[in-house]
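Take a look at the structure below.
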Amino acid sequence: MRLRAQAQRLTSAAGQSKPPQVLRDVCGLQAQVLSAAWLGVRARSRGIQMTDLDRALNQQRSIVRSWLMRGTLHVVAAEDLRWLLQLLGPVFVRAGATRHAQLGLHDALKSRGVAAIRRILTGAGPLTRHELLDRLRSQDIELDPKTQAPIHLIGLAALQGILCLGPARAGGESTYVLLDDWVPPAPARSRESALAELARRYFAAYGPATVEDLAAWSGIPMAEARSAVIGARSGLSEVMIQGRPGLALKKLPPVSMPAKAEVRLLPTLDTYLLGYRRRDLAVSLPLQRRLQRGGGWLHPVIVVDGRAAGTWSLRRIGRRGRLTVEQFEALSKAVRVRVDEELVDIARFLGIPVLPGTRGRSAHRPLAGSSDQ
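Right, here's the structure in full:
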């Protein structure tokens, strides 16, 4: 688990890095909830500021948000977007065909809709979803806003390399921009080259892991996952993971063995838990149910030396927040101190005073450094 935690930048060895480097190292973070992705970056780069992320996304455009792995929203380094889209886009365009038909998005409508989105954003982006739908309606493309048809058409345009998410409006509403206006062009890769690069990047960020893990994380078919591993084989070594055959980089950095426990508070939908087919290395099977929030969502998790040790939540109360910690079992005093340090750092990152909340299972002292009792 220390190897995986270190590969995921969840140890002190990671230090401080700029947002694009963090996202390159982990090959992107899931970003349906952008604030959760930002908390994931915070956990992987000491001292990073929210303003660093906003600047990288909206001004420098060195990181970008679009539909990628598993057909879900991710935030990645801008230099990785085009080759990932070229590789993954066709997979999820095909996979979405049945759902599109259920939503009334037949082939002719999809073709007209994507072409119209390109024309509209060429002259008018960035646009919110409502603004984009209004302009589509003016071109006789009617989509029921009460269904998922609009977001599926927008996602299709993203997977085809037409658009990506742009700067958020005041209040946090997402906008869409023409991809070619937002991200520089990049040389095309062969599919074989892109698959090999995907495998190299995956095992660098998630290894030791299995071919099945690569397929589950990326969403590519198992046959392509095997091809990806074959293409990257020269840089990989075979290892055993709890009696199962797995793979790791041949050239691994030394594993850091700090004197103190390595504690990180990870957000919901963090890639550390979503990046594998099985989670039992990080979370024992009896505890996995306690991570579930329903609907495929996971509680934010406390990770100690690579293993889940509890959950946490943050509830906004006006301009303040209340943090609640639920421990799976009694934590040592030293680990509790590190948990409190993480809570204080989350308050710093969010720029809000944080009140201590309830503590589950075992006593946990009030949030260190909080003056709002």
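Residues 148 to 520, numbered by the numbering used here, are exactly what the sequence shown covers, in order. Beta carbons: idealized from backbone N, C-alpha and C, even for Gly. From a predicted model like this one, the values you see are computed outputs, not experimental measurements.
Query	Result
Residue nearest to ALA131 in terms of C-alpha spacing, selected from THR294, GLY422, ALA375 and ARG212	In the structure as shown, the chain begins at 148 and stops at 520. Residue 131 is therefore absent and cannot be evaluated.
Alpha-carbon to alpha-carbon, PRO334 and LEU428	38 Å
Residue closest to HIS299, alpha-carbon to alpha-carbon, out of GLY272, ALA244 and LEU325	ALA244
Sequence-distant residues of its chain with Cβ nearer than 8 Å to ILE309 (five each side left out)	VAL261, ILE264, ARG265, LEU268, LEU325 and LEU326
Whole-angstrom C-beta distance between VAL330 and ALA225, which should lie under 8 Å	5 Å
Inter-residue spacing [alpha-carbon to alpha-carbon] between LEU396 and LEU412	27 Å
With 16 other Cβ atoms within 10 Å as the buried cut-off, status of ASP287	exposed
C-alpha distance - SER374 paired with THR357, whole-angstrom precision	13 Å
CB of LEU345 within 8 Å of CB of SER365, strictly	yes
Straight-line gap, GLN163 to GLN196 (C-alpha atoms, nearest Å)	11 Å
Anticipated Cβ contact below 8 Å, LEU434 with LEU445, distance rounded	Rounded, the Cβ-Cβ distance is 12 Å, inconsistent with contact.
Residue nearest to GLY522 in terms of C-alpha spacing, selected from ARG467, LEU478, LEU416 and PHE475	Because the chain is modelled from 148 through 520, residue 522 falls outside the range shown and cannot be assessed.
Delimiting residues of the alpha helix (DSSP H) encompassing THR269	254-271
Enclosing beta strand (DSSP E) for THR458 [first to last residue]	454-464
Outcome for GLN155 when other beta-carbon atoms lying within 10 angstroms are tallied against a minimum of 16	buried
Which of helix, strand or coil DSSP assigns to GLY162	coil
Sequence-distant residues of the same chain with beta carbon closer than 6 Å to LYS165, five excluded per side	none
The region 180-196 / the region 246-257 touching (three or more Cβ pairs under 8 Å)	no
LEU293 classed as buried or exposed, judged by whether at least 16 other C-beta atoms fall within 10 angstroms	Note that residue 293 corresponds to Lys in the displayed sequence, not to Leu. With fewer than 16 other Cβ atoms within 10 Å, it is exposed.
Supposed close pair GLY185, LEU306 - CB separation, criterion 8 Å	The amino acid at residue 185 is misidentified as Gly; the sequence shows Trp. TRP185 to LEU306, Cβ: 24 Å. No contact.
Completely contained beta strand (DSSP E) runs for the region 168-227, where each covers 3 or more residues	210-214 and 220-224
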